[in-house]
Amino acid sequence: MLSPDSPASRVVLCVTLVALIALLVYRAVRKERKEYQRFKRFERTRNRQRMLRKWLIDALLTFGGSAVVILLLSWQYITPLRGATAAWPVGRWFSGLLDDTGALIPGLAAVFAIALVGGTALAVFLARNSENIPTIGDIGALLPRNRRELAYGAALSINAGVVEELLFRLAVPALIFGALGNAVVAVAASILLFALLHVYQGWPGMIGALVVGALLMSLYLATGNILVPIVTHALVDLRSLVLIPVLVYRVHATRA
């Protein structure tokens with residue numbers, strides 16, 4: 001735990017930030033792209049499941065572990081960061097809406113639920129006579145092909161919702177704010193790093209991740225509750241890696 005008043009605190013946070021960026025860039029540009037290209041060539045489900053299991057454990061240890069370490073160092077900057085973002089014009093506007101109506105948050109949840117169901121229905125309609133499921137970015141190879149892979153898809157979705165939100169919506173912004181003292185940079189840089197994480201999906205996937213990351217960050221800053229983006233993120237991934245494969249290809253009925 002670092003004291004915000006300690007002269008060494010900013011140095012430690014800056015070193016931690018540089019190390020984190022180096023780790024994420026290496027993973028995204030070298031490790032994950034290489035592994036995904038190899039994964040796309042796998043035909044046997046045993047090899048696919050081995051790689052999915054490796055990714056699940058690796059993400060839990062790397063992203064989850066990084067989130068824990070960073071939060072231990074910078075948790076005291078979470079509240080000041082939220083205070084700084086609340087002072088933004090959009091933050092004051094949203095606070096006014098919360099004061100005026102208690103139905104705003106349930107309304108947003110309803111809109112999200114309708115969009116999720118509607119998007120799934122549209123995807124099923126578009127894919128009903130096609131061998132390919134419409135996706136944003138190069139994620140077709142990730143879609144489960146049988147019941148066992150479906151279980152990994154569910155585990156990866158839930159894991160991503162938890163560890164990636166703890167890291168990119170809670171820990172990284174606090175770390176950057178503590179190191180640089182700028183709320184705008186903290187929010188924007190964390191969203192960009194989240195998009196970089198999806199470089200293996202190509203430019204469409206990175207742009208999609210940029211938009212989703214911005215929406216998830218908005219949900220967190222608006223509600224002040226990290227559980228909201230965690231659940232939302234998990235639902236979005238479950239839609240892609242579980243719901244659509246089940247509804248379109250009935251992969252849950254295929255044993256392997």
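Just so we're aligned: 210 in our numbering is position 210 of the sequence shown, and the numbers increase by one with no gaps anywhere.
Every residue gets a Cβ at the ideal spot worked out from N, C-alpha and C, and that includes glycine.
No experiment lies behind these values; they were computed from the predicted model shown.
| Check | Outcome |
| --- | --- |
| I57, buried or exposed, once every other Cβ within 10 Å from all chains shown has been counted against 16 | exposed |
| Endpoints, the alpha helix (DSSP H) within which N47 is located | T45 to A59 |
| Cβ distance (whole Å) where V187 is taken to contact T85 below 8 Å | 7 Å |
| For F177 and A183, believed in contact at Cβ under 8 Å, the rounded distance | 6 Å |
| Other residues of its chain near K40: CB distance less than 6 Å, five sequence neighbours each side excluded | A141 |
| Counted within 10 angstroms of its Cβ, other Cβ atoms place R163 as buried (16 or more) or exposed | In the sequence on display, residue 163 carries Val and not Arg. Buried, since its Cβ has 16 or more Cβ neighbours within 10 Å. |
| Same chain only: Cβ atoms within 6 Å of L197, ignoring 5 sequence neighbours per side | A28 |
| Whole-angstrom C-beta distance between G208 and I136, which should lie under 8 Å | 4 Å |
| Sequence-distant residues of its chain with Cβ nearer than 6 Å to L71 (five each side left out) | A171 |
| Same chain, Cβ closer than 7 Å to L219, five either side skipped, listed in chain order | V228, P229 and T232 |
| As assigned by DSSP and simplified to three states, the class of R255 | coil |
| CB-CB length for L60 against L175, believed under 8 Å | About 20 Å separates the two Cβ atoms, so there is no contact after all. |
| Backbone secondary structure at N159 - three-state DSSP | helix |
| Range of the contiguous alpha helix (DSSP H) that encloses G83 | I78 to A86 |
| Proximal residues to L166 (C-beta, below 6 Å), its chain only, five neighbours per side dropped | A67 |
| Inter-residue Cα distance where the pair is G189 and R255 | Residue identity check: residue 189 is Ala in the sequence provided, not Gly. Cα-Cα distance, rounded: 43 Å. |
| Cβ pair Q201, I139 closer than 8 Å | yes |
| Contact set for R48: own chain, Cβ-Cβ below 8 Å, skip 5 residues either direction | F39, F42, R145 and E149 |
| Residue range of the alpha helix (DSSP H) that includes G208 | G202 to T223 |
| Same chain only: Cβ atoms within 7 Å of A195, ignoring 5 sequence neighbours per side | M206, A209, L210 and G213 |
| Straight-line gap, L17 to L247 (C-alpha atoms, nearest Å) | 42 Å |
| Sequence-distant residues of the same chain with beta carbon closer than 8 Å to I226, five excluded per side | E165, L166, R169, L170 and Y220 |
| Whole-Å CB distance - L238 paired with A154, under 8 Å assumed | 7 Å |
| Proximity of W88 and L156 at Cβ, strictly below 8 Å | no |
| Identity of the residue in I244, G224, P245 and S6 nearest T79 by Cα | G224 |
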